[in-house]
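In this note's numbering, the protein residues as written are 522 to 862. Here is the structure we will look at, set down as structure tokens.
Structural data, given as structure tokens:
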């Protein structure tokens, strides 16, 4: 009798909850929480994003087997928060880890657009240089924006400041700045010299761990794209896409279009990685979601930065080969060494 009564009570509670579930779900599904939802987005062809002059309209769609991977980022609703991140490839990230205090969604979008422009220019420079083209560069390490909870911003630097020296080493561009920070441990203080209009100054910056690689130190600055004079101008159609991680894919697409040959040897190749102007492939965020996206698009090869390879292998399913690369030249070599499919 006790068991039966308990069952009736439980059923009664369930009926009551279910009776109002539609209204509760509708309300919770529209109320924003203080979390962001990171989820996989199926990889798509890179070709439609890149326009290389001289290609016929149909050819400019590019190599259909070169795929761009991305992460879908949006504010989580209360319903998302309650459901959690049980869905494969999905993560809930606290707002403070995405947007620092004093910043908002608009700042985040602006930073993403700056990084995208930089990746586009670097990709064209690297691809054209790889084909023997001469590219003129005018680069300065000017701060375009600050990352989340930026150590450099806390130290007093401002947007528009030009970093001219780091740890006693001359800085002419982003690549110089990255090299100056090599070997610096997170939390270690570094001295920066900067130019602000006609004035010069110095700042002591306590570096922070890179959110995507806690062993690497960062200043929390976003450097404006360098000015490049390309012998072959390249246009991009990337409305609604931000961040630097498409750089390697763009470079491979441009190289393939200008060389007038496919570089994938019959494979479906997903690509991610920030490309620097010297051809270095830098690590990126969201590798978990991007690995799921590559799988969802039936890619059989996934080119990733060396620093992201271990995590990519952790999430890769059977049939997806993870290929780590450190430079654009290594990416070309790795593709050339793939067995013909």
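Backbone N, C-alpha and C fix where the C-beta goes; we use that ideal spot for every residue, glycine too. On a predicted model such as this, the values are computed, not experimentally measured, just so you know.
Own chain residues within Cβ distance below 8 Å of residue i, not counting five before or after
i, result
"residue 861", "786, 787"
"residue 775", "571, 573, 644, 645, 648, 649, 755"
"residue 511", "Within the shown structure, residues of the chain are numbered from 522 to 862, placing residue 511 beyond reach of any answer."
"residue 782", "none"
Own chain, CB closer than 7 Å to residue i, minus 5 neighbours either side, in chain order
i, result
"residue 677", "724"
"residue 510", "Limits of the chain in this structure are 522 at one end and 862 at the other, which puts residue 510 out of reach."
"residue 545", "The predicted model places residue 545 with a pLDDT of 43, which falls under 50 and marks its position as unreliable, so this point remains unresolved."
"residue 594", "557, 559"
"residue 746", "638, 639, 642"
"residue 859", "786, 788, 822"
"residue 597", "554, 556, 557, 558, 613"
"residue 812", "823, 833, 836, 837"
"residue 763", "630, 633, 634, 636, 637"
"residue 857", "none"
"residue 830", "843, 845"
Reduced DSSP secondary structure (H/G/I, E/B, other) of residue i
i, result
"residue 673", "helix"
"residue 846", "strand"
"residue 646", "helix"
"residue 678", "coil"
"residue 554", "strand"
"residue 560", "strand"
"residue 629", "helix"
"residue 584", "coil"
"residue 569", "helix"
"residue 607", "coil"
"residue 589", "strand"
"residue 635", "helix"
"residue 613", "strand"
"residue 738", "strand"
Candidates the options: closest to residue i by CA position
i, options, result
"residue 838", "822, 761, 641", "822"
"residue 734", "807, 657, 792", "807"
"residue 660", "587, 628, 639", "639"
"residue 709", "698, 717, 720, 740", "740"
"residue 840", "718, 789, 555", "789"
"residue 670", "603, 600, 619", "619"
"residue 586", "567, 598, 604", "567"
"residue 554", "591, 798, 603, 758", "603"
"residue 820", "651, 844, 782, 668", "844"
"residue 663", "617, 651, 713", "713"
"residue 826", "626, 716, 761, 848", "848"
"residue 668", "705, 592, 743", "743"
"residue 850", "716, 652, 805, 763", "652"
"residue 658", "749, 636, 565", "749"
"residue 761", "630, 617, 607, 624", "630"
"residue 666", "633, 590, 773, 758", "633"
"residue 752", "730, 779, 737, 584", "779"
"residue 855", "792, 828, 831", "792"
"residue 589", "759, 607, 731", "759"
"residue 796", "782, 852, 656", "852"
"residue 699", "592, 561, 798, 830", "798"
"residue 803", "685, 722, 636", "636"
"residue 828", "810, 688, 805", "805"
"residue 704", "720, 684, 682, 730", "730"
"residue 715", "688, 777, 737", "688"
"residue 722", "683, 783, 701, 738", "683"
"residue 608", "628, 772, 810, 616", "810"
"residue 800", "846, 569, 625", "846"
"residue 894", "617, 686, 561", "Lying before the first or after the last residue shown, residue 894 is absent from the chain, which here runs from 522 to 862."
"residue 737", "720, 706, 719", "706"
"residue 672", "628, 655, 711", "711"
"residue 720", "624, 685, 772", "685"
Own chain partners of residue i with C-beta closer than 6 Å, once the 5 adjacent residues on each side are dropped
i, result
"residue 842", "822"
"residue 674", "667"
"residue 565", "589"
Minimum Cβ-Cβ distance from residue i to chain C less than 8 Å
i, result
"residue 779", "Note that chain C does not occur in the displayed structure, where there is just one protein chain."
Could you check whether the stretch 767-786 touches the stretch 687-696, counting it as contact only if at least three pairs of C-beta atoms, one from each stretch, sit closer than 8 Å? no
At least 3 beta-carbon pairs within less than 8 Å: the stretch 595-613 vs the stretch 726-742: no
Let me know the beta strand (DSSP E) ranges lying completely inside the stretch 794-861, each 3 residues or longer, listed in chain order. 822-826, 842-846
Runs of alpha helix (DSSP H) wholly within the stretch 650-727 (minimum 4 residues, chain order): 672-675, 695-701
Ignoring anything shorter than 4 residues or poking outside the stretch 746-792, list the alpha helix (DSSP H) runs there in chain order. 768-780
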